[in-house]
Amino acid sequence: MLPFADTQFVEATWIMIVKSLVIFAIVFGILPILTVVERKLIGRFQHRYGPNRVGPFGILQPLADVGKLISKESFRPANAVSTLFILGPLLPVLSGVLALAIIPWGNVQDGVGLYGIDVPIGILYFFAVGSIAFYGMLLGGWSSGSKYSLLGAMRSAAQLISYEVSMGLALLGVIMMSGSLSLVDVVEAQGTIWFVIPQFVGFLIFMLAGFAETNRTPFDMPEADAELVQGFMTEYGGMRFGSFLLVEYMEILVVSGIAAAMFLGGWMGPGPGWLDPIWMLAKMFVLVFVFIWVRATLPRLRYDQLMSLGWKVLLPLATLNVLVTAVLVVTT
Amino acid sequence: MEAVLFFIAAIGALGGAIGVVAMRNPFYSVLALIAHLFSLAVLFLMLTSAFVAAAQVVVYAGAVMVLYVFVVAYVGGGGEPAWDPIKGQRFLSILVASILFVELSAAVLSSALLALGTHGPDVPAGFGDPAAVGRLLLEKFLLPFEASSLLLLIAAVGAIVLAGRKREEETV
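So the protein lines, in turn, are chains A and B.
Going letter by letter, the first sequence gives residues 2 to 333 in the working numbering.
Going letter by letter, the second sequence gives residues 199 to 370 in the working numbering.
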């Protein structure tokens with residue numbers, strides 16, 4: 002028996018392989034589109050057109066970008082540590098792909114569960130694989146042999162551990178209300194009301210911590226172009242830089258997926274069963290739009306503001322939310 | 199499949215543990231410790247304790263080791279030994295290590311661990327689930343659980359008090 006095979010619904014191995022390939026292919030098809038969507042939207046927010054030269058409406062821009070990145074020389078600074086320098090961009094990709102497995106696209110239909118895996122530890126799996134991504138940034142920053150990279154990596158270390166706690170606590174309310182860690186069960190528990198309404202505070206904290214975890218504005222301290230010249234990825238070029246960049250979009254997709262499943266009713270929506278994954282994708286895209294909207298709107302926080310927001314506002318608020326939810330769940 | 203996974207994880211765990219003490223650069227020692235912790239998590243998974251494995255990765259590899267890395271990358275660099283070796287250190291260390299090894303072996307062998315068999319223990323359905331672990335912690339082991347959480351709270355408060363006092367001295 003394989004370690005994760007102790008799931009709630011057992012399937013044949015070939016079904017699981019096909020599922021993984023389909024999820025992988027769809028998400029990696031979405032990622033390049035996401036980059037051009039973001040640039041288009043930010044252009045609109047700033048009264049520009051955004052990319053509009055490559056292909057109709059600029060939709061072939063990501064192909065041009067990837068083509069350019071792949072054809073670049075894989076440059077490495079002389080004082081970089083070579084093995085760790087190569088390992089750096091690989092770990093976040095691994096973490097992102099592993100996290101994709103847990104996003105539920107629908108419940109069991111015709112004997113096939115529309116999700117990668119439905120493990121009993123559920124959301125803990127997301128936090129466990131998420132912690133791998135951090136080491137990628139850190140190894141990349143440390144092994145580059147550049148002070149900007151090291152500073153960026155150190156900032157991301159401090160930021161990630163500060164916001165991971167609030168992120169976990171924000172989800173605890175939802176978990177208490179649904180009585181299960183499994184994302185499929187959590188979505189099923191939202192048949193009457195989406196958890197975003199009773200757990201609105203939790204949703205806000207989760208999204209704020211999500212901005213910080215994905216290194217997005219207003220919490221993009223690790224990259225901070227103006228002061229750190231892209232932080233931990235300063236010394237990277239070519240497709241190694243490209244994978245750091247694409248992983249950021251993958252993390253946005255994963256955080257949006259988790260938020261949609263935990264708070265926005267996941268695949269729930271009117272229409273026949275085969276629409277479920279489409280509903281899930283639509284909700285994810287709404288949240289991705291929020292990510293882009295926030296990036297276009299808010300300036301970057303100062304480092305001490307970031308830390309005090311995390312520890313002095315979000316953490317107490319999340320703890321209070323857990324306490325109130327616990328009392329309400331027990332009394333009602 | 200299971201045997202292959204076991205040997206990969208076991209080699210990772212042992213190699214990581216040896217790496218921690220053998221590496222000259224403290225940064226590599228920390229990396230070896232991280233590899234060791236991840237391998238241990240895989241071993242926990244194979245013992246059908248998914249919750250313990252996840253907690254291992256989230257708490258140790260995800261939070262504690264981040265702090266280690268943080269400190270070593272900032273302060274470390276190493277090079278010079280922190281203190282002179284104690285006289286007879288080598289002999290004493292071998293002696294103490296072999297005593298510890300014998301003691302641990304005796305403890306493991308005499309406890310008649312079911313997992314020591316070739317086929318592993320028979321576990322009931324839902325073994326190692328968060329629900330099962332939570333029930334054990336809050337029903338059977340309530341007192342030790344509360345005592346350890348109190349201990350952690352005291353440690354946290356103590357850390358804050360110590361850190362706060364230092365800052366006051368600096369500003370004066």
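Cβ atoms here follow ideal geometry from the backbone N, Cα and C, with glycine treated the same way.
Just so you know, these numbers come straight off a predicted model, no measurement behind them.
Under 8 Å by beta carbon: chain D residues contacting residue i
i	result
B:I232	The chain inventory of the structure shown lacks chain D, comprising the protein chains A and B.
Neighbour-count burial assignment, residue i, 16 or more Cβ in a 10 Å radius
i	result
A:N216	buried
B:A345	exposed
A:Y50	exposed
A:D111	exposed
B:L222	Contrary to the premise, residue 222 of chain B reads as Arg rather than Leu in this sequence. B:R222 is exposed by the Cβ-count criterion.
A:F128	buried
A:W275	exposed
A:W170	One point to set straight first is that residue 170 of chain A is Leu, not Trp, in the sequence displayed. With 16 or more other Cβ atoms within 10 Å, it is buried.
A:A6	With a pLDDT of only 43 at A:A6, under 50, the local geometry of the prediction cannot be trusted, and the value read off the model is given with reservation. With fewer than 16 other Cβ atoms within 10 Å, it is exposed.
A:I118	buried
A:K41	buried
A:K313	exposed
A:H48	exposed
B:M199	exposed
A:K20	buried
A:W294	exposed
B:E163	Not covered by the structure: residue 163 of chain B. The range shown for chain B is 199 to 370.
A:N108	buried
A:T218	buried
A:F76	exposed
A:F15	The residue asked about is misnamed: residue 15 of chain A is Trp in this sequence, not Phe. Burial call: exposed.
A:P4	At A:P4 the pLDDT is 45, less than 50, meaning the model places this residue with poor confidence and gives no usable figure here.
A:S183	buried
A:A213	buried
A:V330	exposed
A:F204	buried
A:E249	buried
A:L324	exposed
A:S163	buried
Expected contact under 8 Å - CB spacing of residue i and residue j to nearest Å
i	j	result
A:L99	A:V130	4 Å
A:L247	A:L61	Actually they are not in contact, since the Cβ atoms of A:L247 and A:L61 sit about 17 Å apart, beyond 8 Å.
A:L254	A:M285	7 Å
A:F135	B:V264	6 Å
B:M244	B:L212	B:M244 to B:L212, Cβ: 15 Å. No contact.
A:E252	A:G97	6 Å
B:V240	B:A207	4 Å
B:Y272	B:V228	At roughly 12 Å, the Cβ-Cβ gap does not stay under 8 Å, so B:Y272 and B:V228 are not in contact.
A:L315	A:I206	5 Å
B:G260	B:A233	Rounded, the Cβ-Cβ distance is 14 Å, inconsistent with contact.
A:G141	A:F233	5 Å
A:L172	A:I133	Their Cβ separation, rounded to whole angstroms, is 19 Å, which puts A:L172 and A:I133 out of contact at 8 Å.
Beta-bridge partners of residue i, as assigned by DSSP
i	result
A:V113	A:Q110
A:P105	A:Y116
Contact test: residue i Cβ vs the ligand FAD heavy atom, cutoff 7 Å
i	result
B:L265	Ligands in the displayed structure: none, and consequently the ligand FAD is not present.
Q) Pairing CB atoms from the segment 192 to 205 of chain A with CB atoms from the segment 145 to 156 of chain A, are three or more of them under 8 Å? A) no
Q. Per the contact definition of three or more C-beta pairs closer than 8 Å, is the segment 212 to 228 of chain B in contact with the segment 196 to 214 of chain A?
A. no
(Q) Assess contact between the segment 241 to 258 of chain A and the segment 87 to 105 of chain A, defined as three or more Cβ pairs (one per stretch) separated by less than 8 Å. Is contact present? (A) yes
Q: Go through the segment 172 to 224 of chain A residue by residue and report every complete run of the beta strand (DSSP E) that reaches 3 residues or more, in order.
A: none
Q.
Under 8 Å: do the segment 172 to 192 of chain A and the segment 255 to 264 of chain A share three or more Cβ pairs, one atom per stretch?
A. yes
Q) How do the segment 148 to 166 of chain A and the segment 301 to 308 of chain A stand: do at least 3 beta-carbon pairs fall below 8 Å, yes or no? A) yes
Q. Just checking, does the segment 314 to 321 of chain A make contact with the segment 163 to 183 of chain A on the three C-beta pairs under 8 Å criterion?
A. yes
**Q.** Validate contact between the segment 244 to 259 of chain B and the segment 321 to 340 of chain B using beta carbons, cut 8 Å, 3 pairs
**A.** yes
Q | Every unbroken beta strand (DSSP E) inside the segment 268 to 292 of chain A [3 residues or more] | A | none
Q.
Restricting to runs no shorter than 4 residues, where is the alpha helix (DSSP H) found entirely within the segment 37 to 97 of chain A?
A. 62 to 71
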